[in-house]
Every structure is written in structure tokens, then in C-alpha cells.
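Take the sequence shown: its position 84, counting from 1, is numbered 269 in this note's numbering, and each next residue is one higher. This report concerns only the one structure given below.
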Amino acid sequence: MTATSALSLPRTFATAARVLRQLRHDPRTIALMILVPCVMLFLLRYVFDGSARTFDTIGASLLGIFPLITMFLVTSIATLRERTSGTLERLLAMPLGKGDLIAGYALAFGAVAVVQSALATGLAVWFLDLDVIGSPWLLLLVALLDALLGTALGLFVSAFAASEFQAVQFMPAVIFPQLLLCGLFTPRDAMHPVLEAISDVLPMSYAVDGMNEVLHHADLTTAFVRDVTVVAAVALLVLTLGAATVKRRTV
């Protein structure tokens, strides 16, 4: 029997439940996804213990970047493990569409992303005293969208890796350029015009811009709406491309 093409909520939820059951038996992966961003924020706060304004300046940006990076790593490796073990081949031999599969993985890792983003945002704002003018709920929204973007990118690049090591190798190609050009180290308008133009099409740039909008504005701004819309749209686009590439390694 071949995989069905229509997206089915029962099949999607069943896939998500299976992934979450697997994660429950892998405490190291759970710790990496949930605790590492919090630990990194904690360390960052006290690295700049003598300069609280520095933490306020970059803390909000990193609140979005850390979840994106950790979700990218975990999702790409976990998905690639199922590809190489033959699990995806067996699943797609059942009445399970590629859309169901990708949506189920995204839903499962997205649920973890909610917990991760909530803990990291709460730690930064209420324990580490990150000075935010806007609503912390908007910070949480951007952090969650960033984590979902990392999940989508991880699902996508896993289609092009033959081993877990190769999946990790995609990080310098996919994440590092965005990290350098997102405006974390210097304002994007101060970069070389070519690099500024490249940064304008990278989703992490909009994630950082969205965090900075919340950091400096009490009210919801048009720029913030634009930024979160771009991040969400890119995540959806990458998930769609990920569904299209499932067949590449499984049949």
C-alpha cells in the first residue's frame, strides 16, 4: 500500500504521539532541547555581570537564536536517524502521507519548542532581569517561532544528509552565515551593502529584529508584525519543502 497524499489529522497526531514517546525515553535529547538554551542564557547573564546593559542589548536576540540552533540540531539528527534506520520507509509503506509525516514531526518538536521557549523567556525576564519595554508574551511568541523555524530547517536538511555527522555539518552552512549577518554583532545597515542585501533575505535577521522591536517598544509595531510574519512564513515554506523531499531518502 502506498502513502496517501491527503493530509489527515488523525495520522498526523499519531505520528506526533509516536515521536513524543520516543523523546520521553531519551533524556539527553530532552535536556539538550529544553535546558541548554536556559543554561546558555544564565551563563551569558553572568559573563556580563558587570555590564547589565550589554546583556539587555543582546540577551533578547539570543533568546530567539539559542532555541533555533538547538531545535535545528536535534531535529536534523533525530530525523536522519529514522531515515537511516529504515523507520521512514516502513512508515511510508503504510497509509501515511508525506505531509502527515512532516506535520507530525513538526507538531511533536513544536510541543517541545513551546516548553523550551516558555522556560527560556521566563528565565530571562523574571529571573535574569532582562529589561524589556514591550510585553514578555511577544518575546515568547518570537522565541517560539524561532524554535519552530529551527525545527523546519532541521527536517529539511536531514533529507540531504547520509549520516548524523553530515547532518551536523549542515550547521556551518545553514546557521552560521545567518548568525553572522542577523545584526547580533553589528547593525545590519552598517554592513557592506552586499552583505546587508543578503541579510535581508535570511529569516534569522527578522527573528532578531522582532526581538529588538519588543525590547525597545511598548506597543505592537508594524515592523514587529512584519518580522514575525516573515519568520512564520519561512518556517511554513521550509516544512512544505521538507515534505516534498521525504521521498528522496525513503523510496
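For glycine and all other residues, C-beta sits at the position ideal for the given N, C-alpha and C. Computed from a predicted model, the values in this text were never measured in an experiment.
- Exclusion of the five residues before and after residue 374 leaves 381 as the residues of its chain whose Cβ lies within less than 8 Å of its Cβ.
- The straight-line gap separating the alpha-carbon atoms of residue 368 and residue 358 is approximately 18 Å.
- In the structure shown, the three-state DSSP call for residue 407 is helix.
- Rounded to the nearest angstrom, the Cβ distance from residue 298 to residue 263 is 13 Å, too far for a contact under 8 Å.
- One thing to note: residue 292 has its Cβ within 9 Å of the Cβ of residue 198.
- With contacts defined as CB atoms closer than 9 Å, residue 363 and residue 390 qualify as a contacting pair.
- Rounded to whole angstroms, residue 245 and residue 327 show a C-alpha spacing of 10 Å.
- Buried is the label assigned to residue 268, since at least 16 other Cβ atoms lie within 10 Å of its Cβ.
- In this chain, the alpha helix (DSSP H) harbouring residue 355 covers 349-359.
- With a cutoff of 9 Å on beta-carbon distance, residue 343 and residue 265 are scored as near each other.
- Contact annotation, residue 208 with residue 219: C-beta distance approximately 10 Å; criterion of less than 8 Å not satisfied.
- Boundaries of the alpha helix (DSSP H) harbouring residue 335: 321-342, taken from the DSSP string.
- Taking C-beta separations shorter than 6 Å and ignoring five residues to either side along the sequence, the partners of residue 337 in its chain run 420, 423 and 424, following chain order.
- Straight-line measurement puts the Cα of residue 308 at about 13 Å from the Cα of residue 317.
- For residue 339, the CB contacts under 6 Å within the same chain, skipping 5 residues up- and downstream, are 257, 260 and 261 in chain order.
- Pairing residue 240 with residue 233 gives a Cβ-Cβ distance under 9 Å.
- Its chain contains 308 and 313 as the residues whose beta carbon lies nearer than 8 Å to that of residue 227, once the 5 sequence neighbours on both sides are disregarded; these appear in chain order.
- Contact between residue 365 and residue 296 is absent: CB atoms are separated by about 31 Å, not below the 8 Å threshold.
- Within the same chain, 327, 328, 331, 392 and 396 come within 6 Å of residue 249 by CB-CB distance, once the 5 residues on both sides are set aside.
- Note on geometry: alpha-carbon atoms of residue 412 and residue 385 lie some 11 Å from one another.
- Our two residues, residue 323 and residue 378, have alpha carbons roughly 30 Å apart in a direct line.
- For residue 390, the enclosing alpha helix (DSSP H) begins and ends at 388-401.
- With fewer than 16 other Cβ atoms from the protein chains shown falling within 10 Å of its own Cβ, residue 231 counts as exposed.
- Counting the other CB atoms within 10 Å of its CB gives residue 371 a total below 16, which places it among the exposed residues.
- By alpha-carbon distance to residue 242, the top candidate from 399, 341 and 355 is 399.
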